[in-house]
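K.L.:
After the structure tokens below, expect a handful of questions from me.
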Amino acid sequence: MATGSLPGAQGTPESEAGSFECFQNYTAPEVFVQGLAGIVDQQDVESMIRAQKQMLQRFEKTNEMLTNCNQLSVSRLKTANAEFKKHTALLTDMKKDLDYIFKKIRVLKTKVSQQYPEAYNGNIVFINYLHVL
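Next up, the structure:
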């Protein structure tokens, strides 16, 4: 059955020629879309458009919130980075100080063990005894 033909005039050359004539200025996709437009309920289309607008508003708000969160994260990262560098430098200085202190202790132990070997060995035995307890 040809689109747009009259029910009584089906199959007649005049009715088929008339239906082709009305679509001659359109491409196949345009004819298809026009056919769909006649099938689709306008209220459904309007409700879909409203739903899409609401979703768009939500997405825009979410995007804005994520942008603000990202900016806040960048700001906090800069602060944390500066503090991290400061604390790393402090730990490095503390390690240097402790290395210097332990080096001095080793030098003092060596001097004491050379000057007072009996007292030093007695203290070593006592210290080992304390570690066992």
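So for the sequence shown, full-length UniProt numbering puts the first residue at 1; every next one is plus one.
For each residue, glycine too, the CB sits at the ideal point set by N, CA and C.
Just so you know, these numbers come straight off a predicted model, no measurement behind them.
Give a yes or no on whether the C-beta atoms belonging to tyrosine 100 and valine 112 are separated by under 8 Å.
P.N.:
Locating residue 100 in the sequence shown gives position 100, where the first residue counts as 1. Locating residue 112 in the sequence shown gives position 112, where the first residue counts as 1. Result no, Cβ atoms of tyrosine 100 and valine 112 do not sit closer than 8 Å.
K.L.:
Give me the Cα-Cα distance between glutamine 24 and valine 40, rounded to the nearest whole angstrom.
P.N.:
In the sequence shown, counting from the first residue as 1, residue 24 sits at position 24. In the sequence shown, counting from the first residue as 1, residue 40 sits at position 40. Looking at the two C-alpha atoms, the distance is approximately 23 Å.
K.L.:
Let's see if you can read the secondary structure: which residues bound the alpha helix (DSSP H) around aspartate 44?
P.N.:
Translated into the one-based positions of the sequence shown, residue 44 becomes position 44. Counted as a single uninterrupted DSSP element, the alpha helix (DSSP H) harbouring aspartate 44 occupies residues 42-115.
K.L.:
With H, G and I counted as helix, E and B as strand and the rest as coil, what does DSSP make of glutamine 34?
P.N.:
Residue numbering aside, residue 34 sits at position 34 when the sequence shown is read from its first letter. Note: glutamine 34 maps to helix in three-state DSSP.
K.L.:
Suppose you measure from the CA of lysine 61 to the CA of asparagine 68; what does that come to, to the nearest Å?
P.N.:
One-based indexing of the sequence shown puts residue 61 at position 61. One-based indexing of the sequence shown puts residue 68 at position 68. Looking at the two C-alpha atoms, the distance is approximately 11 Å.
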